Each structure stands twice: as structure tokens, then as C-alpha cells.
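**Student:** First residue of the sequence shown: 1, per UniProt numbering; consecutive thereafter.
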Amino acid sequence: MLFEGETLFSHTPLDLSSPSIRLLEVLPGRSKDGRVRCTIRNSTISDEYTCLSYVWGSSEGLKKHKLIEINDGIFEVRTNLWSFLDLASSERARHNNLRLPSTYDEVFDFEGVTKSLWIDALCIDQGNLAERNAQVQQMGAIYKNAKHVISWLGRSEHAAPLLRRIRHEEGPHADETLLPSITWFESNAYWTRAWITQEILLAQHLIIAAEEDAVIGRTVLEYFRRLPDPLRPHADSQCQTLLRSHVQSQTWTLLNHLSMFRDKGCTNPRDKVYSLLSVCRDTAWLKVDYNITKGRLAIDVMRNCDGFCLCVAEVTLSAMFTEEPLSALHFAAFEGVEVSPCAPTKKRGWSTASGTT
Numbered sequence: 001m002l003f004e005g006e007t008l009f010s011h012t013p014l015d016l017s018s019p020s021i022r023l024l025e026v027l028p029g030r031s032k033d034g035r036v037r038c039t040i041r042n043s044t045i046s047d048e049y050t051c052l053s054y055v056w057g058s059s060e061g062l063k064k065h066k067l068i069e070i071n072d073g074i075f076e077v078r079t080n081l082w083s084f085l086d087l088a089s090s091e092r093a094r095h096n097n098l099r100l101p102s103t104y105d106e107v108f109d110f111e112g113v114t115k116s117l118w119i120d121a122l123c124i125d126q127g128n129l130a131e132r133n134a135q136v137q138q139m140g141a142i143y144k145n146a147k148h149v150i151s152w153l154g155r156s157e158h159a160a161p162l163l164r165r166i167r168h169e170e171g172p173h174a175d176e177t178l179l180p181s182i183t184w185f186e187s188n189a190y191w192t193r194a195w196i197t198q199e200i201l202l203a204q205h206l207i208i209a210a211e212e213d214a215v216i217g218r219t220v221l222e223y224f225r226r227l228p229d230p231l232r233p234h235a236d237s238q239c240q241t242l243l244r245s246h247v248q249s250q251t252w253t254l255l256n257h258l259s260m261f262r263d264k265g266c267t268n269p270r271d272k273v274y275s276l277l278s279v280c281r282d283t284a285w286l287k288v289d290y291n292i293t294k295g296r297l298a299i300d301v302m303r304n305c306d307g308f309c310l311c312v313a314e315v316t317l318s319a320m321f322t323e324e325p326l327s328a329l330h331f332a333a334f335e336g337v338e339v340s341p342c343a344p345t346k347k348r349g350w351s352t353a354s355g356t357t
């Protein structure tokens, strides 16, 4: 609730003709009303900052949303983001540095990180469609230029046992008491979201954090490889596929990625495509536009593929129309278009985590 004299936060416009962004600082402690306090400033991607990668969560249950202060204005955030901001404002978490030791070769200073964060829900004026289009168009550059990307898995009692063992490389000594933590990690909703793909693949230095702990992203796969078979997560799980792809730093076509990540979730079906824009080698033609229909976007994707065939259509349409049965209507726009023979490399499932076909 708002108290007398309080006003809602409003964004200062960005210069959309330049690579401009906003950066957030989370202040230590709380306001007199117990709220997380932040400041936000306009900047550019040449600044030093860290990106937060996280699950937005459902927009339902508004009573569970939290109010924070930004530049002395009030702003509403969803629960998962608030839990990270709560952590970032904690003196204990800042002092403990998310329990990351200084011996890692990728220097991470959590207190410093909290002074310069890029978080999409806060740093993009989501109600300004022109700004939203422009910011999503340069999302790849935003993540590529970030010093770190923090993958936030949320609050859980299962986080500490697993992350602690990964930090201390205790894989060979793991026992079944660790199974709930491994299951929590592997099945976390974070790995299922469409935007996470790009955010992980583009990270220079990936930090995976939960509760008040964190590990360096590249250490997770090595830890899982050393686990005994009964505890080892499935090699084709969504978390393993993403982390393996980040380590390999492979760049594929848009159809490669749509085939591999077609089951990722998103509220807006257009994001099945837009979330992959910056990790594909063949999307220079694609401009972000949330005004167009998902059908129009699907048609544009298929028309710009190297050789249209029914397999290309099947991959594209099944990715973007996940809740609708495919019918002749979806193919009607291609009447008169030359259809190429379906090559073996374009069949369903031809894209693999190793990048081979």
C-alpha cells in the first residue's frame, strides 16, 4: 500500500538512438517502512555492470507482490525478483560475498555488483512499447558486455547443501542425502524459460546463485560428471543442455535453436524467437516488433530460412503455437512458395547439444 505523500516511480526516457540502458543500485538496509531501496540511472552498455537472469514468475496473486523504492518512488515487483533484491540489500550477504572464495580466477565482488545491476523488469520501461522493442533488439549486446551474469534460482532450503559441495569439489563423496538438492537444482523452473537460453549462452562469466550461496557456472558440469551414477542428473536435462552449450560457446542457426529449445516457456509466444535473436548467426534481418502477430512473425522466420521445407515449417510452428493444434491454416500463407525436399538435417530433433547434425 502507498502511504500519504508517496508517489509511483516513473522512468526517465532513454535515448533510443544510442546503446543506452538503465543501471540499478540496491542500497544496503531498508527504508523506514521496511522496503528495499534502490536508485536507477541512465547509462550505456559501455559502463561496467552485472546482469540478473531470473524467472519473472506468474503475474497472478498480486497480493503477494512486493513494493520497493526506486529514486524515492514506489515500484511493484514480483516475489522472485524481490527475493534477490532482498538478498542484495543484506549486509550479511554482501560481507559473505555469497560465500564465493577469493581464490576463483573470475573476481566476483557481490557488494560491488549491487551498485551496478541491469534487471529487465526494472531497467526497461515495460509500458513503453517503442523502448521495449529497442531494448530487446539490443539484449544480446547488453548480456555480452556484462562483466557477470547472475543466474538466480531463488530461495530454497535445498540450495546450500549442493552449492557448498560444488564449491568445495566434493563430488566423489556425495551420498543419497544430496538427492533432494540435486533434484531441486535440475528441476528448477529457471531452466525452462525461453529468455534464459540467450542470457546463459552470452554470459562472459556465469554465476549461479540461490538463497545466500553461489558457484561459478563452469564448475557445475564438472561436478555433475564426477557424481556416482545414481545421483548424476540426466545428460539431456534442460539445465545440463544449457550449461553445456554455454561452455561450448557454439553458434547455430535460428532453426537449430528453435528445434533444440522449442519447449521453453514464455508468456509471449513471440519471445520464442526474440529470445534467440542474439545467439543465431542468421538473424541480422530480424527486427523486434511486439506489434506484429505471432503468425506474421512465424511466416517471416520461415521465409528467411535457407530453403523452405515442411520440416522448417513444423519446427517453427510447433515452437510458436504450442497450445494450438497445427492445421492447414498455418500453412496457407505459403501457397505458391517453392518447397524444397526435406533434408535429413531438418527433421524433428536434428539439432543436438553438441552442435552436430
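Yeah, the Cβ is synthetic: ideal placement off N, Cα and C, and Gly gets one too.
A quick note: this is a predicted structure, and the numbers were derived from the prediction, not measured.
Which value, in whole angstroms, describes the spacing of the CA atoms of S237 and V220?
**Tutor:** As a working mapping, residue 237 is identified with position 237 in the sequence shown. As a working mapping, residue 220 is identified with position 220 in the sequence shown. Each residue's Cα considered, the two are about 14 Å apart.
**Student:** Taking L162 as part of the beta strand (DSSP E), name the residues at either end of that continuous run.
**Tutor:** One-based indexing of the sequence shown puts residue 162 at position 162. Note, L162: premise wrong, no beta strand (DSSP E); alpha helix (DSSP H) at A159 to R167.
**Student:** Once you ignore the five residues that flank S17 on each side, which residues in its own chain have a CB closer than 7 Å to its CB?
**Tutor:** The count along the sequence shown starts at 1 and reaches residue 17 at position 17. None.
**Student:** Can you tell me whether A328 is buried or exposed, with buried defined as 16 or more other CB within 10 angstroms of its CB?
**Tutor:** Here the question's residue 328 lines up with position 328 in the sequence shown. Low confidence applies here, because A328 scores a pLDDT of 47, under 50, leaving its location unreliable; read the following figure in that light. Burial call: exposed.
**Student:** Out of curiosity, what's the CA-to-CA distance linking H158 and W152?
**Tutor:** Numbered from 1 along the sequence shown, position 158 holds the residue referred to as residue 158. Numbered from 1 along the sequence shown, position 152 holds the residue referred to as residue 152. Spanning the two alpha carbons is a distance of roughly 14 Å.
**Student:** Starting from R22, trace the beta strand (DSSP E) in both directions and tell me its first and last residue.
**Tutor:** Residue 22 sits at position 22 when you count from the first residue of the sequence shown. That run of the beta strand (DSSP E) goes S20 to R30.
**Student:** How many angstroms separate the CA atom of S10 from the CA atom of I119?
**Tutor:** The sequence position of residue 10 within the sequence shown is 10, counting from 1. The sequence position of residue 119 within the sequence shown is 119, counting from 1. Near 16 Å, if we compare the C-alpha coordinates of I119 and S10.
**Student:** Helix, strand or coil for E69 per DSSP?
**Tutor:** Walking along the sequence shown from the start, residue 69 turns up at place 69. Strand, per DSSP.
**Student:** Please confirm if the stretch 161-170 is in contact with the stretch 296-305, defined as three or more CB-CB distances below 8 Å between the two stretches.
**Tutor:** Output reads no: the stretch 296-305 does not touch the stretch 161-170.
**Student:** Sort out for me which residues DSSP pairs E76 with in a bridge.
**Tutor:** By 1-based counting over the sequence shown, the position of residue 76 is 76. Note: E76 sits in a beta bridge opposite L67.
**Student:** At which residue ranges does the stretch 200-272 contain complete alpha helix (DSSP H) runs of 4 or more residues, listed in the order of the chain?
**Tutor:** Listed in chain order, the complete alpha helix (DSSP H) runs (minimum 4 residues) inside the stretch 200-272 are 218-226, 238-248 and 254-260.
**Student:** Apply the 10 Å Cβ neighbour rule to R225 and answer buried if 16 or more other Cβ atoms are within range, or exposed otherwise.
**Tutor:** In the sequence shown, counting from the first residue as 1, residue 225 sits at position 225. With fewer than 16 other Cβ atoms within 10 Å, it is exposed.
**Student:** Are the stretch 256-271 and the stretch 106-117 in contact at 8 Å, needing three or more beta carbon pairs?
**Tutor:** Verdict: no, contact absent.
**Student:** For the candidate residues W252, L254, F261 and P228, whose alpha-carbon lies nearest to that of T241?
**Tutor:** Taking the sequence shown and counting its residues from 1, one reaches residue 241 at position 241. When each option's Cα is compared against that of T241, the closest is F261.
**Student:** So, with DSSP's three-state summary, where would you put N97?
**Tutor:** Counting from 1 along the sequence shown, the entry for residue 97 is found at position 97. Helix.
**Student:** What is the DSSP secondary structure of N42, counted as helix, strand or coil?
**Tutor:** Taking the first residue of the sequence shown as 1, we reach residue 42 at position 42. Correct three-state label for N42: strand.
**Student:** Is DSSP giving T7 helix, strand or coil here?
**Tutor:** Residue mapping note: residue 7 aligns to position 7 of the sequence shown, counting from 1. Correct three-state label for T7: coil.
**Student:** Tell whether a beta-carbon distance below 8 Å holds between E25 and T39.
**Tutor:** Taking the sequence shown and counting its residues from 1, one reaches residue 25 at position 25. Taking the sequence shown and counting its residues from 1, one reaches residue 39 at position 39. A contact, by the Cβ cut-off of 8 Å.
**Student:** Please report the residue range of the alpha helix (DSSP H) in which L310 lies.
**Tutor:** By one-based count along the sequence shown, residue 310 stands at place 310. L310 to M320 is the span of the alpha helix (DSSP H), which, as asked, contains L310.
**Student:** Do you know whose CA, among R35, S53 and R94, lies nearest H65's CA?
**Tutor:** Indexing the sequence shown from 1 puts residue 65 at position 65. The residue with the shortest Cα to Cα distance from H65 is R35.
**Student:** Helix, strand or coil: how does DSSP classify W118 here?
**Tutor:** Taking the sequence shown and counting its residues from 1, one reaches residue 118 at position 118. W118 falls in the strand class under three-state DSSP.
**Student:** Do L201 and V315 have their C-beta atoms within less than 8 Å of each other?
**Tutor:** One-based indexing of the sequence shown puts residue 201 at position 201. One-based indexing of the sequence shown puts residue 315 at position 315. No, Cβ-Cβ distance for L201 and V315 is not below 8 Å.
**Student:** Touch check for the stretch 209-218 and the stretch 140-155: three-plus C-beta pairs under 8 Å?
**Tutor:** Contact holds: three or more Cβ-Cβ distances are below 8 Å.
**Student:** Do I74 and E6 count as a contact pair if the criterion is CB distance below 8 Å?
**Tutor:** For the purposes of this step, residue 6 is identified with residue 6 of the sequence shown, where counting begins at 1. For the purposes of this step, residue 74 is identified with residue 74 of the sequence shown, where counting begins at 1. The answer is yes: Cβ separation under 8 Å.
**Student:** Apart from the five residues just before and just after S88, which ones in its own chain have a Cβ nearer than 7 Å to its Cβ?
**Tutor:** Locating residue 88 in the sequence shown gives position 88, counting from the first residue. The question names Ser, but residue 88 is Ala in the sequence shown. Only V26 and T114 meet the Cβ criterion.
**Student:** For the beta strand (DSSP E) containing V149, name the first residue and the last one.
**Tutor:** As a position in the sequence shown, residue 149 is number 149, starting the count at 1. Counting along the chain, the beta strand (DSSP E) containing V149 begins and ends at H148 to W152.
**Student:** To the nearest angstrom, how far is the alpha carbon of P161 from that of S181?
**Tutor:** Translated into positions along the sequence shown, residue 161 becomes position 161. Translated into positions along the sequence shown, residue 181 becomes position 181. Using only the alpha carbons, I get a separation of about 7 Å.
**Student:** Could you tell me the boundaries of the alpha helix (DSSP H) in which S53 lies?
**Tutor:** For this step, residue 53 is matched to residue 53 along the sequence shown. Segment T50 to S53 is the beta strand (DSSP E) holding S53; no alpha helix (DSSP H) there.
**Student:** Which residues in the same chain have their Cβ closer than 6 Å to the Cβ of N188, if we skip the five residues on either side of it in sequence?
**Tutor:** For the purposes of this step, residue 188 is taken as the residue at position 188 of the sequence shown. Here the set comprises L153.
**Student:** Can you give me the C-alpha to C-alpha distance between V55 and R193, rounded to a whole angstrom?
**Tutor:** As a first step, residue 55 must be located in the sequence shown, where it is residue number 55. As a first step, residue 193 must be located in the sequence shown, where it is residue number 193. Roughly 7 Å between the two C-alpha positions.
**Student:** Have a look at L286 and G140 and give me their C-alpha separation to the nearest angstrom.
**Tutor:** Start at 1 with the first residue of the sequence shown, and residue 286 comes out as number 286. Start at 1 with the first residue of the sequence shown, and residue 140 comes out as number 140. Computed Cα separation, rounded: 13 Å.
**Student:** Determine whether the beta carbon atoms of H148 and T44 lie at a separation below 8 Å.
**Tutor:** In the sequence shown, the residue the question calls residue 148 occupies position 148. In the sequence shown, the residue the question calls residue 44 occupies position 44. No, the pair does not count as a contact, with Cβ atoms beyond the cut-off.
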